[in-house]
Every structure is written in C-alpha cells, then in structure tokens.
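Numbering (the numbering used here), first residue to last: 2 to 246. Working notes, beginning with the structure itself.
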C-alpha cells in the first residue's frame, strides 16, 4: 500500500472517531425517583411496598411505590426546564384491587392542561385504556387488563392488580409534553374510585428526561479527538497533492 493510501486510511479512521464522539449524546435526566429513600418533589410522602411483576403479593419482588392513593391529586414540581423543548415522562403505574373500568380513571396531567394519560382501567370490567389510547377519557372499549405489562388475579379481589409501563418497553405509550415556562407541574390523579382499601393506584420509577446533550470528554478523549483532527488534516493535504499533480 502506498504512503498516500495509508495516510488516507488513517484520515478516514480519524473522521470516524471524531464522528462517533460527536454523536455520543444522551437524554438529560431532569427528575428520577424510585421512592426507595425519599419522595422529593412530590406533594405526598406516602409510600408502600408493591409487587414489581406478575407473580403476586408475597411472591413477586417488591419495591417502594409512591402511594397507595384513591381519589385525589398528587403533584410533582419540575424546575429548570427549557421552553419549547420536548420532555418524556417514564413511570410504572400500579392498578390495585377492584378497578371496574368505566368511570374508574387515572390521569396524568401537565399544569392543569392537557392529559398525557386519561383512561379508565379495569381489573374486572372493561376499560378505555389500551397502548394506543392512553388519553381517551372514561369508557369501556377494551377488555379488562388490556395493555398491562404484568397482572395477577390474586387469591381474592383485594389482591388482584395490574402494572402498566409508560415510555419504556416495547409497544407502550410514550408520554411527552412541551413546557411553556421553565417550570411545570405533573399531576397524578385518581377519580371515580372507591375507598383506598378497595380501589387504589401507585406509581414507581418516575423519570423525566429532557433533550439530548453532548457528553463532556472523559480523560484521554481530548487527545483522541486531536489525533483524529490531525489525521483529517493530513488526509486533506494528501488528497490536495494528489489532485494537484
């Protein structure tokens, strides 16, 4: 291989290294909580241990959830947002006991405006929620437990539950909002429910992600970028010389 070919190959490698680094972006985490140690940012400090899969109470691994709640609103305050930028909300929603669908509704709203989730859920009766219809309001269009990632029928009605993932897992709805200010309030709402011992909800692994940001170079990376840039320059010189012959 000629010297010019070697230099051009090195230049290409330098370009690739530089490009790979330049595209190494990740989503900025604005808020994240698994509720194992605190409920920071939320208007409620209530937590409870709930199953994390479909094996059932006393069998499934358990995790601390925010809740149990029935009717009412629990809010999360977000700060430091970028106006006009898209943010994504991840969460695990636990629907416990005798939810009947129809008017048994869970909502996730932003600043008292639009709803990211607004659906009835049914561990027994038909529901309005499906992965394709997370915010259609009350109703009974779909069979009970449609779209659930985990479910367990329980030894009795109070032990029946379903778990729904949002913004994670194949086929699940992606919940997004665009703030109009540098602050926002997420409202987690239960409505049309009976007492908390009969129909309740809880949430876990709440994460709010912002726009992608380019990572700061780690130790040694700056040198690699400089080398890549040098090879790009060498390649340009070689190419110019070849075409000027």
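Even for Gly, the Cβ is constructed at its ideal location relative to N, Cα and C.
*Would you say the stretch 185 to 200 touches the stretch 70 to 80, given that touching needs at least three Cβ pairs under 8 Å?*
yes
*Taking only the alpha-carbon atoms, compute the straight-line gap between residue 179 and residue 84 and give it to the nearest angstrom.*
7 Å
*asked:* For residue 57, tell me which candidate among 38, 166 and 157 has the shortest Cα-Cα distance.
replied: 157
_Unbroken beta strand (DSSP E) run spanning residue 69, endpoints_ = 63 to 70
*Take the Cβ of residue 37 as the centre, count every other Cβ of all protein chains shown within 10 Å, and call the residue buried at 16 or more, exposed below.*
With fewer than 16 neighbouring CB atoms inside 10 Å of its own CB, residue 37 falls in the exposed class.
*Output the distance between the C-alpha atoms of residue 127 and residue 105, rounded to the nearest integer angstrom.*
10 Å
*Looking only at C-alpha atoms, which of 175, 33, 122 and 117 sits nearest to residue 202?*
122
_Helix, strand or coil, according to DSSP, for residue 152 in the structure here?_
It is a strand residue.
*asked:* Using a Cβ-Cβ cutoff of less than 6 Å, which residues in the same chain neighbour residue 188 once the five nearest sequence positions on both sides are dropped?
replied: 74, 76 and 110
*Using a Cβ-Cβ cut-off of 7 Å (strictly less than) and excluding sequence neighbours within five positions of residue 51, which residues of its own chain qualify?*
63, 64, 66, 95 and 203
*asked:* By the three-class DSSP mapping on this structure, what secondary structure does residue 159 have?
replied: helix
*Return the residue from the list 161, 172, 135 and 133 that minimises the CA-CA distance to residue 248.*
A query on residue 248 cannot be resolved here, the shown segment of the chain reaching from 2 to 246 and no further.
*asked:* How far does the beta strand (DSSP E) with residue 191 in it extend, from its first residue to its last?
replied: 185 to 192
_Member of 212, 173, 175 and 166 whose CA lies at the smallest distance from the CA of residue 53_ = 166
*Report buried or exposed for residue 98, applying the criterion of at least 16 other Cβ atoms within 10 angstroms of its Cβ.*
So residue 98 ends up on the buried side.
*asked:* Spatial neighbours of residue 45 within its chain, please: C-beta separation below 6 Å, excluding the five flanking residues on both sides.
replied: 75
*With a threshold of 16 other CB atoms inside 10 Å of the CB of residue 163, please say whether the residue is buried or exposed.*
Buried: at least 16 other Cβ atoms inside 10 Å.
_Pick from 103, 172 and 159 that is closest to residue 143, judged by C-alpha positions_ = 103
*asked:* Would residue 176 and residue 90 qualify as a contact pair, given that the criterion is a beta-carbon distance under 7 Å?
replied: yes
*Cβ shell of residue 131 (< 6 Å), same chain only, five flanking positions each side left out*: 143, 147 and 148
*Let me know if residue 39 comes out buried or exposed under the rule of 16 or more other beta-carbons within 10 Å of its beta-carbon.*
exposed
*With a threshold of 16 other CB atoms inside 10 Å of the CB of residue 209, please say whether the residue is buried or exposed.*
buried
*Would you mind working out which of 59, 125, 145 and 119 sits nearest residue 134, comparing C-alpha positions?*
119
_Minimum C-alpha distance to residue 138 - residue among 181, 190, 81 and 155_ = 190
_Within the continuous beta strand (DSSP E) that includes residue 51, where are the two ends?_
Under the DSSP assignment, residue 51 falls in the beta strand (DSSP E) whose first and last residues are 48 to 52.
*asked:* Using only CA atoms, which one of 107, 81 and 155 lies nearest to residue 93?
replied: Out of 107, 81 and 155, 107 has the C-alpha closest to the C-alpha of residue 93.
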